[in-house]
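Numbering-wise (my numbering), the sequence shown opens with residue 2 and increments by one. Cβ coordinates follow ideal geometry from the N, Cα and C atoms, glycine included. Note that the structure is a prediction, hence the values are computed from the model and not measured.
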Amino acid sequence: MKVLVPIKRVIDFNVKVRAKSDETGPDLTNVKMAINPFCEIAVEEAIRLKEAGTAQEVIAISIGTNACKEQLRTALALGADRAILVETEIEVEPLGVAKLLKAVVEREQPELIILGKQAIDDDSNQTGQMLASLLSYPQGTFASKIKIEKGKINVTREVDGGLQTVSLDLPAVVTTDLRLNEPRYASLPNIMKAKKKPFDTLTPEELNVDASPRIEILKVSPPPERPTGIIVNSVDELIEKLKNEAKVIS
Ligand code: AMP
């Protein structure tokens with residue numbers, strides 16, 4: 002079985018994101034970038050399927066600028082067998098990403114595509130669903146457990162108030178939730194070995210996909226600053242302030 006894992010290069014989750022002063026987007030100057038955490042979970046799950054003998058090949062794919070090679074190399078060091086960069090300077094939106102992924106799925110014919118449930122930069126939570134729809138594949142989103150048996154995949158989904166398990170025919174699209182697994186770290190020997198693994202670069206034009214944006218971002222601004230707190234000396238004082246200053250109780 003071939004598994005395709007789309008990974009997105011995003012600002013590292015530890016970084017406190019700042020908006021550019023002209024409010025056109027986040028300020029990326031000297032900011033540490035990383036694999037989107039949900040995509041790391043997707044890579045880990047694919048590698049575990051390979052280690053279990055269920056998958057034979059894991060392909061990591063990223064869509065974006067040449068800089069995405071860094072995250073693809075990390076995926077190779079973690080255990081992916083080969084990588085594909087669909088190189089573009091356009092900031093591709095989820096629909097564009099889904100269309101490009103569909104074109105690659107048609108070339109590669111993976112039986113399973115594991116994406117993150119969302120990218121932590123745009124919080125869209127759309128790409129997996131759109132890809133499944135474009136391919137007419139079944140989808141299991143927000144997976145916290147997967148099990149592959151006899152041409153089917155059982156996906157346990159994190160839904161509001163509990164878990165739901167669905168059985169899907171392969172090929173299928175799965176998106177990962179936080180509890181699916183704990184991703185490993187890349188070891189130094191594997192980082193060295195990753196440099197020799199196959200790495201292809203494609204363009205949207207080669208895939209015959211128009212990935213131009215349809216959404217215009219009008220403004221990116223930080224949340225309003227919270228006023229500094231104060232320490233009150235008694236419960237009576239707290240109640241008085243909640244009543245007369247904050248006016249949240251009467
Ligand atoms: P989103 O729909 O933007 O929240 O992203 C959900 C998932 O789609 C991510 O976790 C990735 O697996 C995949 N994805 C989104 N954008 C890209 C991209 N530019 N390159 C590769 N995969 C992506």
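Practice prompt. Express the C-alpha separation of E58 and L5 in angstroms, rounding to a whole number.
Written response: Their backbone Cα atoms lie some 8 Å apart in a straight line.
Item to complete: Starting from D237, trace the alpha helix (DSSP H) both ways and give me its first and last residue.
Response: Per DSSP, D237 belongs to the alpha helix (DSSP H) from 236-245.
Item to complete: Check M2 in the structure and name its three-state DSSP category.
Response: Of the three classes helix, strand and coil, the one that applies to M2 here is coil, per DSSP.
Worksheet entry | Assigned exposure category for K196 - 16 Cβ within 10 Å defines buried | The residue in question, K196, is exposed, as its Cβ has fewer than 16 Cβ neighbours within 10 Å.
Worksheet item: Would the stretch 95-114 and the stretch 172-186 be scored as touching if the rule is three or more Cβ pairs under 8 Å?
Response: Touching, yes, given that three or more Cβ pairs across the two stretches are closer than 8 Å.
Worksheet item: Is the number of C-beta pairs between the stretch 23-43 and the stretch 135-142 that are closer than 8 Å three or more?
Response: Because the criterion of three Cβ pairs below 8 Å is not met, the stretch 23-43 and the stretch 135-142 do not touch.
Worksheet item: Around the C-beta of V11, are 16 or more other C-beta atoms found within 10 angstroms, so that it is buried, or is it exposed?
Response: Label assigned to V11: buried.
Worksheet item: Under the criterion of a Cβ to heavy atom distance below 8 Å, does D201 qualify as lining the ligand AMP?
Response: False, no ligand heavy atom lies under 8 Å from that Cβ.
Worksheet item: Shortest alpha-carbon distance to E207 belongs to which of T229, K100, M34, Q165?
Response: When C-alpha distances from E207 are compared across T229, K100, M34, Q165, the shortest belongs to K100.
Worksheet item: Between I64, T229, G80, which lies nearest to L50 when the distance is taken from Cα to Cα?
Response: For L50, the nearest C-alpha among the options comes from G80.
Item to complete: Starting from the Cα of I231, find the closest Cα among T30, I250, V87, K242 and give me that residue.
Response: With distances taken between Cα atoms, I231 lies closest to K242.
Fill in: Neighbourhood of I64 by C-beta, 7 Å cutoff - its chain only, sequence neighbours within 5 removed
Excluding residues within five positions, the ones whose Cβ falls inside 7 Å are V87, T89, V93, V98, L101.
Discussion item. Is it buried or exposed, M193, if we count other Cβ atoms within 10 angstroms and call 16 or more buried?
Written reply: Of the residues assessed, M193 falls on the exposed side of the cut-off, its CB having fewer than 16 other CB atoms within 10 angstroms.
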